[in-house]
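Chemist: The structure is given below, and queries will be raised subsequently.
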Amino acid sequence: MPKLVLKFENSILREVPVGAKEVSIGRSPENGIVIDNPAVSHFHARVFNEEGRIMLEDFGSLNGTFVNGQRVKMVTLKAGDSVAIGKHTIVISDSRDLDGFATGNGNEKPVAAAPKLNETVMLDTKARRDFLQKVAAVGESAQVAPARIKVGTLVVRSGRTDHREYTLNDKLTVIGKSALATVKLKGWFAPKAAAQINRRDDQSYYIGAADKTPQVNGHSISQPTKLSSGDIITVAGIELEFVYRD
Amino acid sequence: MELEFGARSDVGCVRENNEDSYRVVPDLNLFVLSDGMGGLECGEVASRMAVDTVVEHCRKGQENPSIPLTGPRIEGVSETTNRLASAIRVANGAVNSAAQQNSTGRPMGATVVVVQFADERMSLAHVGDSRAYRLRGDDFEQLTRDHSFVAEQMRQGRMTAQEADSSKLHNVLIRALGVDPEVEVDASEELVLEGDTVLLCSDGLTRELTDSQIAAVLRETEEADEAAKRLVDLAKQAGGGDNITAIVLRPGEKPVGALGRVGRLGKWIKDSAERHRR
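These protein sequence lines map, in sequence, to chains B and E. Residue 86 in my numbering is what sits at position 86 of the first sequence, and the numbering runs on without skipping anything. Residue 307 in my numbering is what sits at position 61 of the second sequence, and the numbering runs on without skipping anything.
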């Protein structure tokens with residue numbers, strides 16, 4: 001089944017197969033492909049399958065629809081055609097190569113010799129690189145090593161703790177009286193573990209409830225919550241400010 | 247800290263072999279699960295090799311902490327957590343060697359997820375799309391991130407959860423044991439509280455049941471063993487398209503007989519009172 005591949009500046013945003021059902025394109029959320037950009041009309045164009053031919057129709061949009069640089073009203077699309085709408089591009093892909101890559105039936109070196117339907121496919125380093133390139137994804141390596149790693153810090157604004165400031169170097173930081181706690185609470189009635197903060201692999205920090213439910217900027221959290229610089233954490237009678245330091 | 251656990255593994259309703267393996271090692275508070283890949287016997291061999299190697303390396307490390315770690319030390323986590331990551335790297339090497347000697351020509355590999363409890367800390371390490379979840383109160387959280395193509399696309403905001411579910415590429419792993427001579431391991435640590443429930447599972451469970459269904463079973467089932475059994479049974483009833491494995495872990499004092507029930511009754515009364523107030 002051919003696919004519409006929505007791109008913005010060489011990144012693939014999404015892929016939509018063109019089956020029996022037509023795919024509408026526009027700014028309105030009801031469309032099959034939504035492009036949230038003022039240059040795009042609410043209902044801009046549609047792509048549909050007519051007896052095996054993939055057709056594109058512009059709904060008389062203000063800024064137009066361009067196929068390979070030509071403004072069009074209604075055309076037949078073929079694999080490789082590039083449709084420009086606003087600053088976005090939609091490329092028509094004969095999706096066999098993408099799917100074939102995953103199931104080992106494509107022209108590429110097969111990933112698996114004879115995989116059954118639904119069987120998990122593993123990509124090795126080279127296959128992963130090729131694959132990610134193929135779908136123009138940034139891949140995970142780009143996320144892992146940011147140029148500058150910022151470290152979260154907790155500054156104590158009020159309450160009884162053993163230090164005034166804590167650098168969150170560990171993946172797990174516990175606030176409480178427990179032996180495990182980094183932010184040590186004092187006082188008879190302090191909980192063993194009031195709250196916990198996890199540093200995730202993308203260097204972001206999430207605070208979660210333990211024996212107590214912490215508040216972030218005055219709101220009780222209902223699930224682990226990502227911390228931003230300047231957030232005020234209130235839990236077990238102490239108040240902490242979270243800040244990023246280089 | 248006392249730890250109650252239960253584990254079940256089932257071939258499911260479609261596959262001929264169970265390529266999942268797991269080990270529970272109560273004396274080390276160590277729990278490991280692996281989902282093998284490669285078909286025929288390869289997947290079974292790979293997953294069994296993965297769990298056995300992880301347990302063996304951890305046991306050696308426990309007996310003699312001076313045994314060097316394999317691979318880079320991960321900063322900001324304990325020795326125990328580093329040992330788990332090291333064990334996974336050793337397992338990767340073992341599966342990778344086996345895969346190269348494998349005469350069927352089919353790729354061979356495995357996922358792995360492992361946890362170890364030490365006092366109030368749980369060490370967690372994984373590769374692939376086998377998952378660890380934690381139920382704490384009303385919050386049911388996936389503690390691992392899948393090393394799959396669609397999960398990566400979702401993290402980058404390129405796919406919605408719905409698109410990921412229906413994607414033909416949902417079965418593509420971008421990290422697995424055995425594929426390359428070296429593997430990057432995700433490792434993290436969690437605080438352990440009495441009343442938490444931790445679940446390790448293969449994708450055969452999560453493909454059939456939603457997070458809220460899984461959370462409901464964990465919430466409503468008192469015994470960890472019974473919870474593991476119910477999860478696997480439900481996944482089979484839902485189709486059982488893949489092998490299904492679940493390990494349910496309940497840290498804290500085991501609620502024994504009447505005393506435990508009184509505790510739960512007390513909580514129920516308190517919860518009801520709170521519901522009433524709203």
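A virtual CB, placed ideally from N, CA and C, is assigned to each residue, including glycine.
1) From what residue to what residue does the beta strand (DSSP E) around E/LEU446 run?
2) Between E/ILE420 and E/ASN338, what straight-line distance do the alpha-carbon atoms span, to the nearest angstrom?
3) Does any residue of chain B bring its CB to less than 9 Å from the CB of E/MET405?
4) Given that a residue counts as buried once 16 or more other Cβ atoms are within 10 Å of its Cβ, and exposed if not, what is E/VAL260?
5) Would E/ARG367 and E/SER332 qualify as a contact pair, given that the criterion is a beta-carbon distance under 9 Å?
6) Name the residue from B/LYS171, B/TYR166, B/ALA79 whose alpha carbon lies nearest to the alpha carbon of B/VAL243.
7) Return no unless some Cβ of chain E is closer than 9 Å to the Cβ of B/ARG14.
8) Name the chain C residues that come within less than 9 Å of E/ARG382, Cβ to Cβ?
9) Check distances from the C-beta atoms of the stretch 166-178 of chain B to those of chain E and list, in chain order, the residues that come in under 8 Å.
10) What do you reckon, are the CB atoms on E/LEU330 and E/SER448 nearer than 9 Å?
11) Where B/MET1 and B/PHE66 are concerned, what is the direct C-alpha to C-alpha distance, given to the nearest angstrom?
12) Quick one, are the C-beta atoms of E/GLN388 and E/ARG377 less than 9 Å apart?
13) By Cβ distance below 6 Å, which residues in the same chain neighbour B/ILE90 in space, the five residues on each side in sequence not counted?
14) Can you tell me whether B/ILE197 is buried or exposed? The criterion is at least 16 other CB atoms within 10 Å of its CB, across all chains shown.
15) Go through its chain and collect everything with a Cβ distance to E/LEU274's Cβ below 7 Å, but skip five positions before and after it.
16) What span of residues does the beta strand (DSSP E) with B/GLU15 cover, start to end?
17) For B/ASN10, go through chain E and note every residue whose CB falls closer than 7 Å to its CB, in chain order.
18) Can you list, in chain order, the residues of its chain with a C-beta nearer than 7 Å to that of B/GLU140? Leave out the 5 residues immediately preceding and following it.
19) Which residues does DSSP pair with E/SER394 in a beta bridge?
20) By the criterion of Cβ-Cβ separation under 7 Å, what are the contact partners of B/PRO224 in chain E?
21) If I follow the unbroken alpha helix (DSSP H) through E/ILE460, where does it start and stop?
22) Around the C-beta of E/PHE277, are 16 or more other C-beta atoms found within 10 angstroms, so that it is buried, or is it exposed?
23) When DSSP labels each residue in this structure, what does E/ALA470 get in the three-state scheme?
24) Check each residue of the stretch 429-449 of chain E: if its Cβ is closer than 7 Å to any Cβ of chain B, include it; give the result in chain order.
25) So who's on the other strand from E/GLU428, going by DSSP bridges?
26) Please decide whether E/GLY424 counts as near chain B, where near means a Cβ-Cβ distance under 9 Å.
27) Looking at B/ARG128 and the ligand NAP, is the gap between the Cβ and the nearest heavy atom below 8 Å?
28) What are the residues that DSSP puts in a beta bridge with B/ALA198?
29) In this structure, how does DSSP classify E/HIS303 when only helix, strand and coil are distinguished?
30) Is E/GLU454 buried or exposed, if buried means 16 or more other CB atoms sit within 10 Å of its CB?
31) With E/GLN388 as the anchor, note down where its alpha helix (DSSP H) starts and where it stops.
32) If we define contact as Cβ-Cβ less than 9 Å, is E/GLU321 a contact residue for chain B?
33) Would you mind working out which of E/GLU466, E/ALA492, E/THR316, E/GLU428 sits nearest B/THR125, comparing C-alpha positions?
34) On the three-state DSSP scale, how would you describe B/MET55?
Modeler: Inspection of the coordinates gives the following:
1) Per DSSP, the unbroken beta strand (DSSP E) holding E/LEU446 starts and ends at 443-447.
2) Rounded to the nearest angstrom, the two C-alpha atoms are 14 Å apart.
3) Yes, E/MET405 lies at the interface with chain B (some Cβ there is under 9 Å from its Cβ).
4) Counting of Cβ neighbours within 10 angstroms places E/VAL260 among the exposed residues, the total staying below 16.
5) For the pair E/ARG367 and E/SER332, the CB atoms are not nearer than the 9 Å cut-off.
6) The alpha carbon of B/VAL243 has as its nearest neighbour, out of B/LYS171, B/TYR166, B/ALA79, the alpha carbon of B/TYR166.
7) For B/ARG14, the nearest beta carbon of chain E is closer than 9 Å to its own beta carbon.
8) Protein chains B and E are contained in the structure displayed, whereas chain C is not.
9) From the stretch 166-178 of chain B, only ASN169, ASP170, LYS171, LEU172, VAL174, SER178 have a Cβ closer than 8 Å to chain E.
10) The Cβ atoms of E/LEU330 and E/SER448 do not sit closer than 9 Å to each other.
11) Each residue's Cα considered, the two are about 23 Å apart.
12) Between E/GLN388 and E/ARG377, the C-beta gap is smaller than 9 Å, which places the two residues in contact.
13) Answer for B/ILE90: LEU4, LEU6, VAL83, listed in chain order.
14) Buried is the label assigned to B/ILE197, since at least 16 other Cβ atoms lie within 10 Å of its Cβ.
15) Once the five neighbours on either side are set aside, the close Cβ partners of E/LEU274 are CYS304, ARG305, GLN308, GLN362.
16) First-last of the beta strand (DSSP E) with B/GLU15: 11-17.
17) Around B/ASN10, no beta-carbon contact reaches into chain E at under 7 Å, the shortest distance being about 13 Å.
18) With a pLDDT of 38 at B/GLU140, under the threshold of 50, the modelled position of that residue is not reliable, and the figure given next carries that caveat. Leaving aside the five residues that flank B/GLU140 on each side, none in its chain has a CB nearer than 7 Å to its CB.
19) Among the bridge pairs identified by DSSP, E/SER394 is matched with E/LEU419.
20) GLU387, listed in chain order.
21) First-last of the alpha helix (DSSP H) with E/ILE460: 457-466.
22) Residue environment analysis places E/PHE277 among the buried positions, since at least 16 neighbouring C-beta atoms fall within 10 angstroms of its C-beta.
23) It is helical.
24) Residues ASP432, SER434, GLU435, GLU436, LEU437, LEU439.
25) Paired residues: none, contrary to the question.
26) E/GLY424 counts as touching chain B.
27) Of ligands this structure carries none, so the ligand NAP is not represented either.
28) It should be pointed out that residue 198 of chain B corresponds to Asn in this sequence rather than to Ala. DSSP, once it has assigned bridges, lists B/LEU172, B/TYR206 as partnering B/ASN198.
29) The answer is helix: DSSP assigns E/HIS303 an H, G or I state.
30) Around the beta-carbon of E/GLU454, 16 or more other beta-carbon atoms lie within 10 Å, marking it buried.
31) Element bounds for E/GLN388: not the alpha helix (DSSP H) but the beta strand (DSSP E), 385-388.
32) For E/GLU321, the answer is yes, since a Cβ of chain B falls inside 9 Å of its Cβ.
33) Distance check between B/THR125 and each of E/GLU466, E/ALA492, E/THR316, E/GLU428 places E/GLU428 closest, using alpha-carbon atoms only.
34) When secondary structure is reduced to three states using DSSP, B/MET55 falls in the strand class.
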